[in-house]
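Asks: In the UniProt record's numbering, the protein residues as written are 1 to 326.
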Amino acid sequence: MKFCKKYEEYMKAQGKKKLPGVGFKKLKKILKRCTKQPHLDAAFLTDLNNHTCPQHCSVCDGTFFPSLLEEMSAVVGFFNARARRLLQMHLSSGLNRCAIWFKAKLKGNHVKLTQEGRDLVTYAIINAIAMRKILKKYDKIHYSKQGQAFKSQAHSKHIEILQSPWLCELMAFHINLRASRSTGSRSSTALFEGCSLMLNDGKPSLCCELFDSVKLDIDLTCAICLETLFDPVSLACGHMFCYICACKAASVSVVDGLKAASHDQKCAICREDRVYEAPVRLEELHILLRRSCPEYWAERRKAEKRERVKQTKEHWESQCRLFTGI
Numbered sequence: 001m002k003f004c005k006k007y008e009e010y011m012k013a014q015g016k017k018k019l020p021g022v023g024f025k026k027l028k029k030i031l032k033r034c035t036k037q038p039h040l041d042a043a044f045l046t047d048l049n050n051h052t053c054p055q056h057c058s059v060c061d062g063t064f065f066p067s068l069l070e071e072m073s074a075v076v077g078f079f080n081a082r083a084r085r086l087l088q089m090h091l092s093s094g095l096n097r098c099a100i101w102f103k104a105k106l107k108g109n110h111v112k113l114t115q116e117g118r119d120l121v122t123y124a125i126i127n128a129i130a131m132r133k134i135l136k137k138y139d140k141i142h143y144s145k146q147g148q149a150f151k152s153q154a155h156s157k158h159i160e161i162l163q164s165p166w167l168c169e170l171m172a173f174h175i176n177l178r179a180s181r182s183t184g185s186r187s188s189t190a191l192f193e194g195c196s197l198m199l200n201d202g203k204p205s206l207c208c209e210l211f212d213s214v215k216l217d218i219d220l221t222c223a224i225c226l227e228t229l230f231d232p233v234s235l236a237c238g239h240m241f242c243y244i245c246a247c248k249a250a251s252v253s254v255v256d257g258l259k260a261a262s263h264d265q266k267c268a269i270c271r272e273d274r275v276y277e278a279p280v281r282l283e284e285l286h287i288l289l290r291r292s293c294p295e296y297w298a299e300r301r302k303a304e305k306r307e308r309v310k311q312t313k314e315h316w317e318s319q320c321r322l323f324t325g326i
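Below, the structure is given as structure tokens:
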């Protein structure tokens, strides 16, 4: 069975939930219109015979790419919101947890959490593959320059679902549930097949084998301190750092936090600006690394505590000097 049919059957089965998705049939019809325009001149026909598309195509630029961009944005936005809510339920405590569970009309057991996580992961992956398939179809019909430009645009808008920090959090969530004593029943089995935390020369990485030959391998080393992530945070561009390292890179103290970073501060890896506006604290990943690397985590915790105390002291000393005018 072709993937297009599988995808349509999957989305049809999810019909009651009204999930956003990729319109395969609609996008394919748009591509057919592009190759069958009646007003094509000889130069354009020659380009089409060579599987190329003009630099400015009214169909591709005006309909195909805007439609795909809108659908990708809707899918990623929906996935991020649902994953955030799911993990918030799992990590919250006290009255806040009761309020969240009441609003969601859930009982709060691990079985329902795991099932919802599995559904979210399936939704994310099957839509990620659908986006790859439709772009591959575009490359078969046209030259790939416009396709590559669109991929760059999607990357800059942070709508590549497999690079979402919430997918990383769900992977850590799965491993944490699997390792927990309270989830020993069969009903709370894997969200992913073959998902695990790998240690190579003491350097951890999240590895996961997904269907349709899609594989994820996420390095968990901070690019600033070159150590295993501690209190990890993901910036808007998707790159992960230790929280205290991200604060240093943004020229802010841990007292002020990343939200105090100016708009012109750039990511230490991709050099993109405005990435500190909505950082994501990866709490499940932090719990996973604490469990998997206890000795490193204990040593790093002591060093982090000293650094935080130092920065806090310097912060309040500077505030006192400003207040007294010294």
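Think of the CB as a built atom: it goes at the ideal place given N, C-alpha and C, for glycine as much as any other residue.
Reducing DSSP to helix, strand and coil, say where Leu206 ends up.
Replies: Numbered from its first residue, the sequence shown carries residue 206 at position 206. In this structure, Leu206 counts as strand in the three-state DSSP scheme.
Asks: Check for me: the beta strand (DSSP E) holding Cys242 runs from which residue to which?
Replies: For this step, residue 242 is matched to residue 242 along the sequence shown. Where Cys242 is concerned, the enclosing beta strand (DSSP E) stretches over Met240 to Cys242.
Asks: Counting only runs that start and end within the segment 257-302, where is the alpha helix (DSSP H) found for 4 or more residues in a row?
Replies: 283-292, all fully within the segment 257-302.
Asks: Give every residue of the same chain whose Cβ lies closer than 7 Å to the Cβ of Glu307, excluding the five residues on either side of it in the sequence, and list them in chain order.
Replies: Position 307 of the sequence shown, counted from the first residue, corresponds to residue 307. Ile244.
Asks: Taking the alpha carbon of Cys34 as the point to measure from, which residue in Gln14, Phe150, Tyr138 and Lys266 has its own alpha carbon closest?
Replies: Taking the first residue of the sequence shown as position 1, residue 34 is located at position 34. Out of Gln14, Phe150, Tyr138 and Lys266, Tyr138 has the C-alpha closest to the C-alpha of Cys34.
Asks: In angstroms with no decimal places, state the Cα-to-Cα distance between Cys222 and Phe241.
Replies: Residue numbering aside, residue 222 sits at position 222 when the sequence shown is read from its first letter. Residue numbering aside, residue 241 sits at position 241 when the sequence shown is read from its first letter. Each residue's alpha carbon lies about 5 Å from the other.
Asks: State the Cα-Cα distance for the pair Asp201 and Glu227, rounded to the nearest angstrom.
Replies: Within the sequence shown, numbered from 1, the residue matching residue 201 stands at position 201. Within the sequence shown, numbered from 1, the residue matching residue 227 stands at position 227. Using only the alpha carbons, I get a separation of about 12 Å.
Asks: Would you tell me roughly how many angstroms separate the C-alpha atoms of Lys271 and Asp231, rounded to the nearest one?
Replies: Translated into the one-based positions of the sequence shown, residue 271 becomes position 271. Translated into the one-based positions of the sequence shown, residue 231 becomes position 231. In the sequence on display, residue 271 carries Arg and not Lys. In a straight line, the C-alpha of Arg271 is about 22 Å away from that of Asp231.
Asks: Would you give the residue range spanned by the alpha helix (DSSP H) that Leu235 belongs to?
Replies: The sequence position of residue 235 within the sequence shown is 235, counting from 1. First-last for Leu235: undefined, no H or E at that position.
Asks: Taking all protein chains shown into account, do 16 or more other C-beta atoms lie within 10 angstroms of the C-beta of Trp316, making it buried, or fewer, making it exposed?
Replies: Working through the sequence shown from its first residue, we reach residue 316 at position 316. So Trp316 counts as exposed.
Asks: Alpha carbons only, please: which of Asp119, Asn176 and Cys60 is nearest the one belonging to Gly147?
Replies: By 1-based counting over the sequence shown, the position of residue 147 is 147. Of Asp119, Asn176 and Cys60, the residue nearest in Cα terms is Cys60.
Asks: Give me the Cα-Cα distance between Thr189 and Ala260, rounded to the nearest whole angstrom.
Replies: Here residue 189 refers to the residue found at position 189 of the sequence shown. Here residue 260 refers to the residue found at position 260 of the sequence shown. With a pLDDT of 45 at Thr189, under the threshold of 50, the modelled position of this residue cannot be trusted; read the value that follows with caution. Each residue's alpha carbon lies about 41 Å from the other.
Asks: Within 10 angstroms of the Cβ of Met131, are there 16 or more other Cβ atoms? Answer buried if so, exposed if not.
Replies: Indexing the sequence shown from 1 puts residue 131 at position 131. Looking at its Cβ environment, which holds 16 or more other Cβ atoms inside 10 Å, Met131 is buried.
Asks: Buried or exposed: Leu322, going by 16 or more other Cβ atoms within 10 Å of its Cβ?
Replies: Numbered from its first residue, the sequence shown carries residue 322 at position 322. Under this definition Leu322 is an exposed residue.
Asks: Identify whether Asp139 lies in helix, strand or coil by the three-state DSSP scheme.
Replies: If you number the sequence shown from 1, residue 139 lands on position 139. Here Asp139 sits in helix by DSSP.
Asks: When DSSP labels each residue in this structure, what does Asp219 get in the three-state scheme?
Replies: Position 219 of the sequence shown, counted from the first residue, corresponds to residue 219. Here Asp219 sits in strand by DSSP.
Asks: With 16 other CB atoms within 10 Å as the buried threshold, where does Gly238 fall?
Replies: For the purposes of this step, residue 238 is taken as the residue at position 238 of the sequence shown. Gly238 comes out buried.
Asks: Taking Leu199 as part of the beta strand (DSSP E), name the residues at either end of that continuous run.
Replies: The count along the sequence shown starts at 1 and reaches residue 199 at position 199. Ser196 to Asn200 is the span of the beta strand (DSSP E), which, as asked, contains Leu199.
Asks: Report the option in Ser262, Cys293, Ser292 and Val255 whose CA atom is closest to the CA atom of Lys305.
Replies: By one-based count along the sequence shown, residue 305 stands at place 305. Of the candidates Ser262, Cys293, Ser292 and Val255, the one whose C-alpha sits nearest the C-alpha of Lys305 is Val255.
Asks: How would you write the range of the alpha helix (DSSP H) that Ile161 sits in, first residue to last?
Replies: In the sequence shown, residue 161 corresponds to position 161, counting from 1. Neither: Ile161 is in no alpha helix (DSSP H) and is coded neither H nor E.
Asks: Any idea if Met198 is buried or exposed, counting beta-carbon neighbours within 10 angstroms, 16 or more meaning buried?
Replies: Start at 1 with the first residue of the sequence shown, and residue 198 comes out as number 198. Exposed, by the Cβ-count rule.
Asks: Name the DSSP bridge partner or partners of Thr312?
Replies: Reading the sequence shown from its first residue, position 312 is the one you call residue 312. BP columns for Thr312 are empty, so no partner.
Asks: Tell me whether the beta-carbon of Phe3 lies closer than 8 Å to the beta-carbon of Ile125.
Replies: The residue you call residue 3 lines up with position 3 of the sequence shown. The residue you call residue 125 lines up with position 125 of the sequence shown. Contact flag unset, no.
Asks: Let's see if you can read the secondary structure: which residues bound the alpha helix (DSSP H) around Glu227?
Replies: Locating residue 227 in the sequence shown gives position 227, counting from the first residue. Segment: none, Glu227 is in no alpha helix (DSSP H) and carries neither H nor E.
Asks: Using the Cα positions of Ser73 and Ile159, report the straight-line distance between them to the nearest angstrom.
Replies: Counting from one through the sequence shown, the residue named residue 73 turns up at place 73. Counting from one through the sequence shown, the residue named residue 159 turns up at place 159. Answer to the nearest angstrom: the Cα atoms are 6 Å apart.
Asks: Give the DSSP-derived three-state secondary structure of residue 340 in the structure shown.
Replies: The requested residue 340 does not occur in the structure, where the chain is confined to residues 1 to 326.
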